[in-house]
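Residue numbers (this note's numbering): 787 to 963. One structure below.
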């Protein structure tokens, strides 16, 4: 790091830099997975809607924002859900790199679910942490299972893509809102 002109830092001992250092390590580990899933998603997109929009005179930006992105929404949501689940498993990075320090700045809910009952022998707090994790996961599970409730919030990509194609067919690209 000194070769690049960055001064020596106690990355894991500095309260302001410890969590970003752990985040960099986590991103370094999982970025290839995210990239591969998104790359495969882009490769699997149907080309017909994009070709039809191109023939009708749609710009690259219009095709990207009104066809490609809406079709990728389910994959974005999948990546977000997987990475959110992974954040609860970041225990190993925190335990090995900082052990929850400096000053508790790198403690996460997953780390607390271990630390409170097994280090401090406070089973009540440990149980409360686990209960919060359970309730949060049940709420997320409910929202995923009952998509009709969250339809206005999240939307569905297939509907968005097909609505855009209907606008192209009916009005032409020049009259799109």
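We put the beta carbon where it would ideally sit given N, CA and C, even for glycine.
query                                                                                                                  : result
For residue 933, three-class secondary structure by DSSP                                                               : helix
CB of residue 813 within 8 Å of CB of residue 883, strictly                                                            : no
Assigned secondary structure, residue 820 (DSSP; H/G/I helix, E/B strand, else coil)                                   : helix
For residue 897 and residue 887, believed in contact at Cβ under 8 Å, the rounded distance                             : Not really, about 11 Å apart at Cβ, beyond 8 Å.
Contacting residues, own chain, Cβ-Cβ under 6 Å from residue 801 (five flanking each side not counted)                 : 888, 889, 891
Residue 910 versus residue 903 - alpha carbon distance                                                                 : 8 Å
Candidates 858, 857, 817, of which the one nearest residue 872 by Cα                                                   : 817
Element boundaries [alpha helix (DSSP H), containing residue 845]                                                      : Neither: residue 845 is in no alpha helix (DSSP H) and is coded neither H nor E.
Classification of residue 852 by the beta-carbon crowding that lies within 10 angstroms, buried from 16 upward         : buried
Alpha carbon of residue 941 to alpha carbon of residue 866, nearest angstrom                                           : Confidence at residue 941 is low in this model, with a pLDDT of 49, below 50, so the placement of that residue is unreliable and no value is reported for it.
Spatial neighbours of residue 870 in its chain, beta-carbon cut-off 6 Å, leaving aside the 5 residues before and after : none
Given residue 857 as reference, the closest of 831, 877, 842, 899 once Cα atoms are compared                           : 831
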